[in-house]
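Each protein sequence line maps, in turn, to chains A and C. Once you know that position 32 of the first sequence is 13 in the working numbering, the rest is easy, because the numbers rise by one and skip nothing. Once you know that position 105 of the second sequence is 86 in the working numbering, the rest is easy, because the numbers rise by one and skip nothing. First the structure, in the form of structure tokens, and then the observations on it.
There are 2 protein chains.
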Amino acid sequence: MRDPANNDERIEALRQALHARGLVLTPQRRAIFRAVLDIGEHPTADRVHAALRRRRIRVSRATVFRTLEALAGMGAITKACHPGSSVRYDGRTDRHHHLVCTRCDRIVDFSDAKLDALPVPDTAGFGFRVNELRVQLRGICEQCREQEEKA
Amino acid sequence: MRDPANNDERIEALRQALHARGLVLTPQRRAIFRAVLDIGEHPTADRVHAALRRRRIRVSRATVFRTLEALAGMGAITKACHPGSSVRYDGRTDRHHHLVCTRCDRIVDFSDAKLDALPVPDTAGFGFRVNELRVQLRGICEQCREQEEKA
DNA sequence: TTAAGTGCAAAAGCTTTGCGGGTAG
DNA sequence: CTACCCGCAAAGCTTTTGCACTTAA
């Protein structure tokens, strides 16, 4: 997600998606969206807010929460599944998979052609309309392992 | 998780796991553990606390939070990955998979032999020690779809 | 005696909501 | 004018922490 040309495309797509709903791409929305794409690491709302402040972009916390929720609602970004206690947003909307550290809740993207080719299993009877299949590899990340060794 | 004989086995296993760490299976810990197993639906700490109160079992909120965290830490239960904003616990520790509703954060277990047989992809270079592979099917649950149709 | 365990209440962290003022069509 | 939009502050959740008291080895 550090391809600036692609980011421009996605911002343009966002503008259109907003417009289709009678909404506007404000400077705040643009900045919040860009921040999620730039940070990459499945940030929390608070992390996005902090990143914006560091860049001297003034946006209120409430607007960050509202906007991230709205962007996720219209599919411009997604919510990442995680074992922790605050919502994590994901700039990627394409099919991909996650390594999840069960110690520190870190989430790292990875891709795997075989996994991408997996057919969605039959889950009729559960009443779900399934939109996508994602694989999670749960484990312990390098940093947590190092910390563990000290103790 | 509604097999009472199995629950008894698991409580006995928990007693031993605690004992191995110099800890004790107190009435509170037993009740909290049983509640997670009985509820089944990947409850939050607060949901466990409410369930216990409904059964007239008095346990403080702090103890519920502390205990669930400890049980997860020693592997007696797990944390479920979810897109929401509060920790979800899972009584199951065996390999299984989840349907996740991206609208209401409902989590439903499902099993699939083919998925269980999936080899863990090569993720050398990420520094993770991977312990398990889980598949998530993200979508919209029946209740949310019905609600959607009304609107 | 000592360490573990719990409840309570306060603190801390995360998220939503209500409202007032601003702004663009 | 009328929505939309944002910031602010308050309210509402969720989770952790400090402390006092109890209990069991």
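All residues carry an ideal CB built from backbone N, CA and C; glycine is no exception.
Kindly say whether C/H23, judged by its beta-carbon, lies nearer than 8 Å to any beta-carbon of chain A. For the purposes of this step, residue 23 of chain C is taken as residue 42 along the second sequence, with counting starting at 1. The beta-carbon of C/H23 is placed no less than 8 Å from the nearest beta-carbon of chain A.
Run of the beta strand (DSSP E) containing C/R2, from where it starts to where it stops: Counting from one through the second sequence, the residue named residue 2 of chain C turns up at place 21. Careful: C/R2 lies outside any beta strand (DSSP E) and carries neither H nor E.
Using the beta-carbon of each residue, which ones in chain C are nearer than 8 Å to A/Q117? Here the question's residue 117 of chain A lines up with position 136 in the first sequence. Ordered by position in chain C, the residues that pass the 8 Å Cβ test against A/Q117 are C62, L114, R115, V116 and Q117.
Would you report the Cα separation of A/V5 and A/V17, rounded to the nearest angstrom? By one-based count along the first sequence, residue 5 of chain A stands at place 24. By one-based count along the first sequence, residue 17 of chain A stands at place 36. So the alpha carbons of these two residues sit roughly 18 Å apart.
Burial state of C/K131 (16 or more Cβ within 10 Å): Position 150 of the second sequence, counted from the start, is the residue given in the question as residue 131 of chain C. Note on C/K131: under 16 other CB atoms within 10 angstroms of its CB, so exposed under the neighbour-count rule.
Counting only beta-carbon atoms, is A/F14 nearer than 8 Å to chain C? Looking up residue 14 of chain A in the first sequence gives position 33. No, because no Cβ of chain C sits closer than 8 Å to the Cβ of A/F14.
Would you say C/K131 faces chain A, with C-beta separation under 8 Å as the test? Start at 1 with the first residue of the second sequence, and residue 131 of chain C comes out as number 150. Taking Cβ atoms only, chain A never reaches closer than 8 Å to C/K131, which makes this a no.
Can you give me the Cβ contacts of A/H79 inside the same chain, cut-off strictly under 6 Å, excluding the 5 residues immediately before and after it? Position 98 of the first sequence, counted from the first residue, corresponds to residue 79 of chain A. Contacts found: I88 and Q117.
Neighbour list for A/V111 in chain C, Cβ cutoff strictly below 8 Å: Numbered from its first residue, the first sequence carries residue 111 of chain A at position 130. For A/V111, the C-beta contacts it makes with chain C under 8 Å involve L80, L118, R119 and G120, in order along the chain.
Just to make sure I have the definition right: I need the residues of chain A whose C-beta is within less than 7 Å of the C-beta of C/R126. Which are they? Within the second sequence, residue 126 of chain C is the residue found at index 145, counting from 1. Neighbourhood of C/R126 in chain A, by CB distance below 7 Å: R110, in chain order.
Cutoff 6 Å; reference A/S92; Cβ partners in own chain excluding five residues on either side: Position 111 of the first sequence, counted from the start, is the residue given in the question as residue 92 of chain A. Here A/S92 has H77 as same chain residues with Cβ atoms under 6 Å from its own Cβ, once five neighbours each way along the sequence are excluded.
Selection from C/G120, C/E123, C/T25 and C/G72 that minimises the alpha carbon distance to C/D(-16): Here residue -16 of chain C corresponds to residue number 3 of the second sequence, with the count starting at 1. With distances taken between Cα atoms, C/D(-16) lies closest to C/G72.
Euclidean distance between Cα positions of A/R34 and A/V40: In the first sequence, residue 34 of chain A corresponds to position 53, counting from 1. In the first sequence, residue 40 of chain A corresponds to position 59, counting from 1. One C-alpha to the other measures close to 8 Å.
Between the Cα of C/A51 and the Cα atoms of C/G65, C/H63, C/Y70 and C/R36, which residue gives the shortest distance? The residue you call residue 51 of chain C lines up with position 70 of the second sequence. If we check each option's Cα against that of C/A51, C/Y70 comes out closest.
C/C62 beta carbon less than 8 Å from that of A/C62: Residue mapping note: residue 62 of chain A aligns to position 81 of the first sequence, counting from 1. Residue mapping note: residue 62 of chain C aligns to position 81 of the second sequence, counting from 1. A distance below 8 Å separates the beta carbons of A/C62 and C/C62.
Span of the beta strand (DSSP E) around C/T59: Reading the second sequence from its first residue, position 78 is the one you call residue 59 of chain C. Counted as a single uninterrupted DSSP element, the beta strand (DSSP E) harbouring C/T59 occupies residues T59 to A61.
Say the cut is 7 Å; is the CB of A/R10 nearer than that to a heavy atom of the ligand SAM? In terms of ligand content, the structure shown is empty, and the ligand SAM therefore cannot be addressed.
Just mark A/H0 as buried or exposed, buried being the case when its beta carbon has 16 or more other beta carbons within 10 Å. Numbered from 1 along the first sequence, position 19 holds the residue referred to as residue 0 of chain A. It is exposed - the Cβ of A/H0 has fewer than 16 other Cβ atoms within 10 Å.
Buried or exposed: where does A/P64 fall if 16 or more other Cβ atoms within 10 Å of its Cβ makes it buried? Numbered from its first residue, the first sequence carries residue 64 of chain A at position 83. Buried, because 16 or more other Cβ atoms sit within 10 Å of the Cβ of A/P64.
Closest residue to C/D90 among A/G106, A/T48, A/R84 and A/Q128 (Cα-Cα distance): By one-based count along the second sequence, residue 90 of chain C stands at place 109. Among A/G106, A/T48, A/R84 and A/Q128, the Cα nearest to that of C/D90 belongs to A/G106.
Given this structure, state the Cα-to-Cα distance separating A/S66 from C/V68, to the nearest angstrom. Reading the first sequence from its first residue, position 85 is the one you call residue 66 of chain A. Reading the second sequence from its first residue, position 87 is the one you call residue 68 of chain C. Cα to Cα, the separation comes out at about 5 Å.
Buried or exposed for A/D75, going by 16 or more other Cβ atoms inside 10 Å? Position 94 of the first sequence, counted from the first residue, corresponds to residue 75 of chain A. Answer is exposed; the Cβ neighbour count stays below 16.
According to the Cβ coordinates, are A/Q9 and A/T48 closer than 8 Å? For the purposes of this step, residue 9 of chain A is identified with residue 28 of the first sequence, where counting begins at 1. For the purposes of this step, residue 48 of chain A is identified with residue 67 of the first sequence, where counting begins at 1. Yes, the pair counts as a contact, with Cβ atoms nearer than the cut-off.
Would you mind telling me which residues of chain C sit closer than 7 Å to A/D93, beta carbon to beta carbon, in chain order? As a first step, residue 93 of chain A is located in the first sequence; it is residue number 112 there, counting from the start. Within 7 Å Cβ-Cβ: P102.
Helix or strand or just coil, what does DSSP make of C/D71? Here residue 71 of chain C refers to the residue found at position 90 when the second sequence is read from its first residue. Under the three-state reduction of DSSP output, C/D71 falls in the strand class.
Can the beta-carbon of C/V111 be found closer than 8 Å to that of A/G54? The residue given as residue 111 of chain C occupies position 130 in the second sequence. The residue given as residue 54 of chain A occupies position 73 in the first sequence. Their beta carbons are not under 8 Å apart, which means C/V111 does not touch A/G54 by this criterion.
Considering A/C82, what are the terminal residues of the beta strand (DSSP E) in which it resides? Locating residue 82 of chain A in the first sequence gives position 101, where the first residue counts as 1. Note, A/C82: beta strand (DSSP E), H78 to C82.
When you check each C-beta in the region 44 to 56 of chain C against every C-beta of chain A, which residues fall closer than 8 Å? Per Cβ criterion, the list is empty.
Distance cutoff 8 Å, beta carbons only. Does A/V68 sit that close to anything in chain C? Residue numbering aside, residue 68 of chain A sits at position 87 when the first sequence is read from its first letter. Interface residue, yes.
For C/T48, list the residues DSSP reports as bridge partners. Residue 48 of chain C sits at position 67 when you count from the first residue of the second sequence. Partner residues in a beta bridge of C/T48, as assigned by DSSP, do not exist.
Quick one: using the 10 Å Cβ neighbour count with 16 as the cut-off for buried, is A/V101 buried or exposed? The count along the first sequence starts at 1 and reaches residue 101 of chain A at position 120. Flag for A/V101 reads exposed.
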